[in-house]
Amino acid sequence: MATERYNAPAREAHWQQAWRDSNVDAAKADTSLPKCYVLEMFPYPSGRIHVGHSRNYTMGDVFARYKRAKGFNVLHPMGWDAFGMPAENAAMERKVHPGSWTHDNIAAMREQLKAMGFSIDWDREFATCDVTYYAHQQQLFLDLLAEDLAYRKSSKVNWDPVDQTVLANEQVIDGCGWRSGAPVETKELTQWFFRISKYSDELLDALDTLGKWPEKVRLMQANWIGRSQGVAIRWALNSDTAPTDHSELEVYTTRPDTLFGASFLAVAADHPLAIAAAKNNPDLKAFCDECRRMGTSVADIETAEKKGFDTGIKARHPFDPEWELPVWVANFVLMDYGTGAIFACPAGDQRDLDFARKYDLPVKPVILPKGESADTFEISDEAFDGDGTMINSGFLDGLTTTDAFQLAADKLASLHLDGKPVAIRQTNYRLRDWGISRQRYWGCPIPIIHCEDCGSVPVPSADLPVKLPDDHIDFETPGNPLDRHPTWKDVACPSCQKPARRETDTMDTFVDSSWYYVRFTAPHADKPVDGEQAAYWLPVDQYIGGIEHAILHLLYSRFFFRAISDAGQGPAGGKNLREPFAALFTQGMVTHEAYFQPNPAGGKPNWIEPTKVRVEGDGKDRKAVLAETGEAVEIAGIEKMSKSKKNVIDLDDFINNYGADTARWFVLSDSPPERDVLYTDVGVEGARRYVQRVWRLIDDAADKAAPQGSAKPEKIGSEAVILRKATHKALEAVGRHIEGLRFNVAVATLYDFANQFGSALQKADENSPDDLKWALREAGELMTHMIAPMMPHLGEECWARLGYNTLLANQPWPAAEKALLVDDEMTIAVQVNGKRRDELTIGVDASKSDIEAAALALEPVIKALDGKPVKKVIVVPKRIVNVVA
RNA sequence: GCCCCUGUGGCGGAAUCGGUAGACGCGACGGAUUCAAAAUCCGUUUCUCGCAAGGGAGUGCCUGUUCGAGUCAGGCCAGGGGCACCA
């Protein structure tokens, strides 16, 4: 048969149709089967998919296909994280409805994902902007409200002046909005919160159980939660100096051991004591106002100087009532951490020291570092916050820092002020409650009605969903279109029936993505969560997504899953399941060189598509020019593929040129999956060559090998055994590497096997013995199985070429024959004094003494020994012999 | 400032446990096939000394543990990431 090139684009469409016709991608309803839930973080429907996006879906798909072949009931769904700002921006720019823009994008992207041949159970697809999804989310909100896990309060919020909306702490990156990039301001607003702080301890402690999560992500979450163990100390105030109603001041500290080094106390500008003291002190009031203004921009904080104002109030030291310390207002003390007040030990804290030096407050060292002498040790302009021995500290003198902590804390607890202990141990967290109100149209409405008499009244479940209005949506003016809608917010109070007003805030879109993986287990259920289905499918066995969600989405999901479980919407059957994602894999990005021309008017550069650029020369002389005009273009370097830098490769173009299997193979090749992979034309060529090569090999094998269904010959000659060993070793290795998500190594194994299979095929012809022909068929069939998870279309094509009329997608993963994985002989390196001198090939069952004798007889070994007596011989079978002389 | 990760040929990278460093791919060089080209196939390719046989060095740098270190420990250097007034 004449070898033709494999026409990937045409054949891929054919096989995709065949899979659809046989419904191979649907999860089975039988809950007695072992299950495997494979999930990639669902995409935001931004427009079109590029090669960069396709990488994590490809990884998930390889894993899902492999697990299905291994006999698991696989759930591999796909949906759309469809609410959010870009739809509103598009609406503004193009005068289209955010919903129609979103749905158009979804339609286009769905076709692209299908063209990649991903084995997705499309019957379970949904978008978070579907009423059938967000209606259930509103019910979950009500459930959380009933459990006091959702509440409303007035607080300072991060305000994005460009997007005109509130941001959660997690959404502020370097003081700027995570989406708009605009510097965030502070604003006082009443809004809805989820009580994530209730789960601080659990979310932190359970990180230890997530063995299949990257260490890095667990660490980032632990830091984010930021638990600290300390002591809350109440200081008595000198009543002659304190405002009325303020007889004490509570401070939080993690270092009670340094109490004898205290120099002053400081409170935040918003602290009640500061406000009370400012009443009769205009200068102090002016200072407090200044502090508040400074806080408006996070960027200012970084450069802000430490500033303070002495209130004139005196506090009595808990260990010595005669010892009075001044109470200051300081701009570096935060109201919303601990008690909003601190005691300062300048010798042990850099900020306190800077402050003390500036305002000439006392600095007394209390901890002596190791190797220093108490007589000579001094603090100049660097505080010492390490461990050491206590000095100048009364009853703590001579103790270690750790012991001093305990003793000081115990002593404080035994002292009393107004009949209560002076101090209690306290745990504090960096983690704040999650503010979920967003002043946007394109989000899930918060199901609340505000009534003048009844307050905030939940919308009764029977009245759900609260649907977004489709008409009278005005995006021309900044702010929330729901707020400006002529009728939508006018509604009767469910409680007293009087005219009332709907809540016009919508939920943060991270709420949508906090439970979509639960919904996938029963996407058509008439309640938010089908407990039975959730109990069967959850947790997600393999979750794949970008490291950028290490905190935001993953922490929210871990919280929300617990919260809805505790509110009665969790998995059924007493399954004590707290973590939604058993294994997490964070994949790297696809990068591509980016080019630009500086904008003559200043500001953002003018990015240019790589296809319009011609690159000349190499090394230092490498230059880029516009292909058409020859105009010079700047090379920006390797950047993550992104629309804004125009360095994307559109998936449709790619598939039309090369086919989906080439795209899949390319994004898996070379780079380890957790690292970035660089898109290059030569890299793609390499992948395309391999696709054709596999096809030629199978095509050739189909002609030369034994016919399909041939019985295994009685005797297998040595040549055939060599091929069989290579085949089965590759089979075992490919499976192991896919299981471990080491796709680049699985790919390398297959390249290697193609080389071996290729040379065996080249030597074979119609006169080859039957046993070799049989081994060639086995090699061809097993290779087809091996490439199939990565290149499923080519797999089907080869399977058909090998004479089958079944679908490879329905075939089980073949088991490697154990006997073929071990060799009869082993090759061992022989070292003399740790230096490799020769190697030794010997039977696998050779004893240690046999190996030793054989090694010592080797010519290079004798030569290297040069007559020196052998002191010792280390023999590690299958690995090494080391002769020590 | 604090916390974390990563450093291997010209390049991407491989190397269960401490046991032959450089698998596999890309690029480069040489060859076969061809009227020629494309495509394909075969070979060489860590550096260095040597015609060769063979020798020496080598996983960012320096110490150490070990019969043996890319892998373990300590100290540096470089790059990347996270947090950042958190008391």
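Quick note: the first sequence uses our numbering, first residue 255, plus one each step. Every residue gets a Cβ at the ideal spot worked out from N, C-alpha and C, and that includes glycine.
F997 sits in a helix when the DSSP states are folded into three classes.
In the three-state DSSP reduction, M363 falls in the helix class (H, G or I).
Contact holds between the region 510–521 and the region 590–609, because three or more Cβ pairs, one in each stretch, are under 8 Å apart. Rounded to whole angstroms, F815 and V305 show a C-alpha spacing of 32 Å. Within its own chain, the residues whose Cβ lies closer than 7 Å to the Cβ of L1075, once the five positions on either side in sequence are excluded, are H982, K983, E986, listed in chain order.
A residue is called buried once 16 or more other Cβ atoms fall within 10 Å of its Cβ, and F774 is buried on that count. Distances from the alpha-carbon of Y1005 to those of R996, D1019, I1041, V581 put I1041 closest.
In this structure, S691 and W446 form a Cβ contact; the two beta carbons are roughly 5 Å apart against a cut-off of 8 Å.
By the Cβ neighbour-count rule, Y912 is buried, with 16 or more other Cβ atoms within 10 Å of its own. For A837, the three-state secondary structure derived from DSSP is strand.
Classified as buried, F609 has 16 or more neighbouring CB atoms from the shown chains inside 10 Å of its CB. For W269, the enclosing alpha helix (DSSP H) has its first and last residue at 262–276. Its chain contains I952, A956, Q962, G1034, E1035, T1038 as the residues whose beta carbon lies nearer than 7 Å to that of L1056, once the 5 sequence neighbours on both sides are disregarded; these appear in chain order. As DSSP reads the structure, F518 sits in a beta bridge with A598. Each residue's CA atom was taken as its position, placing A584 and W861 some 46 Å apart. Exposed is the label assigned to K282, since fewer than 16 other Cβ atoms lie within 10 Å of its Cβ. The DSSP-derived three-state label of Q475 is helix.
Contact between the region 695–713 and the region 391–407 is present: three or more C-beta pairs spanning the two stretches fall below 8 Å.
I360 is not a Cβ neighbour of W376, given a cutoff of 8 Å. Uninterrupted beta strand (DSSP E) stretches at least 3 residues long and entirely within the region 747–774 occur at 753–756, given in chain order. Within its own chain, the residues whose Cβ lies closer than 6 Å to the Cβ of V1001, once the five positions on either side in sequence are excluded, are L922, S923, listed in chain order.
Taking I903 as reference, the option from S276, H307, P572 with the minimal CA-CA separation is H307. Per the C-alpha coordinates, the member of R1091, A1139, I1134, G353 positioned closest to I1105 is I1134. The bridge partners DSSP lists for W355 come to none. Inclusion of L1094 and V1137 in the CB contact set at 8 Å is not warranted, their separation being larger than that value.
T883 is classed as exposed because its beta carbon has fewer than 16 other beta carbons within 10 Å across all chains shown. In the displayed model, G822 falls within a helix according to three-state DSSP. Secondary structure of N310 (DSSP, three-state): helix. A Cβ-Cβ distance of about 7 Å is found for the pair W478 and R684, placing them in contact under the 8 Å criterion. When the Cα atoms are used, A1018 and V316 turn out to be separated by approximately 33 Å. In this structure, A848 sits near K899, with a CB-CB distance shorter than 8 Å. Fully contained in the region 663–688 are the following beta strand (DSSP E) runs of length 3 or more, in chain order: 677–682.
Per the C-alpha coordinates, the member of F573, P575, E576, K568 positioned closest to W582 is K568.
With a threshold of 16 other beta carbon atoms within 10 Å, P536 falls short and is exposed. Annotation: E802 is outside any beta strand (DSSP E) and is labelled neither H nor E by DSSP. No Cβ-Cβ contact shorter than 8 Å links F839 with I892.
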